[in-house]
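Enquirer:
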Amino acid sequence: MLMWNDELAGWFKNFNRYNKGSDEEYWLKLFNANPSFSDRKGVKNSVYISRPFISVVGTIQNGILNELAQGSRTSNGFIDRLLFVMPGNQDKQPWSDREPSFDIEAAWADIIGRLVAMPYETDDDGNIVAGILPFSPEAKSRLYEWQRQNTEECNREEH
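Numbering (the numbering used here), first residue to last: 571 to 729.
1. With a threshold of 16 other CB atoms inside 10 Å of the CB of F648, please say whether the residue is buried or exposed.
2. Checking the sheet assignment: what are the DSSP bridge partners for W574?
3. If you draw a straight line from the alpha carbon of M571 to that of F623, how long is it in whole angstroms?
4. Please report the residue range of the beta strand (DSSP E) in which Y618 lies.
5. When the Cα atoms are used, what is the spatial distance from R587 to A579?
6. Span of the beta strand (DSSP E) holding S706?
7. Distance check for W678 and S671, CA to CA, integer angstroms please.
8. I need the DSSP call for E669, collapsed to helix, strand or coil.
9. Nearest to D695 by alpha carbon, out of F607, S620, V613 and N602?
10. Would you report the Cα separation of R610 and N659, rounded to the nearest angstrom?
11. Using only CA atoms, which one of V655, A709, Q640 and S608 lies nearest to E583?
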């Protein structure tokens with residue numbers, strides 16, 4: 571599953587808005603793929619997900635991020651479970667009428683299609699057994715290079 575939120579600050583700030591706590595703990599539980607069960611009053615069927623996986627995608631401003639990375643979110647590891655990505659060039663760019671040289675939607679559909687089509691193992695009860703997808707040598711090299719660059723940038727920053 572995917573949760574898209576254009577402004578992640580709203581997602582953070584709405585934690586525990588309608589209850590007395592536990593939203594943050596729920597997301598921590600989901601991160602560890604712990605089973606999730608929903609049995610709401612007035613709903614005919616319960617929902618049980620044995621190994622939930624939800625990607626959270628969105629945007630947030632740097633200044634607000636510092637505010638949200640305080641308190642229990644740093645001590646309970648919540649913030650550590652998020653991957654923050656910032657483009658290298660943050661200069662405002664002029665509009666361009668150039669089109670990509672390839673069909674981005676088709677390329678993404680191909681990637682997702684290949685992932686969905688991959689064979690998987692099941693246990694004796696028919697549940698999918700989690701597996702590890704190894705990086706290709708090129709992908710692993712790119713990941714390590716990005717991590718080195720990111721580490722250098724983080725170490726240069728004061729905050």
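Glycine residues also receive a C-beta, built at the ideal position from the N, C-alpha and C atoms.
Please read all numbers here as calculations on a predicted model, not as lab measurements.
Expert: From the atom records:
1. buried
2. V627
3. 6 Å
4. V617 to I619
5. 13 Å
6. Element bounds for S706: n/a, residue is neither H nor E.
7. 14 Å
8. coil
9. S620
10. 47 Å
11. Note that residue 583 corresponds to Lys in the displayed sequence, not to Glu. Cα-wise, what sits closest to K583 is Q640.
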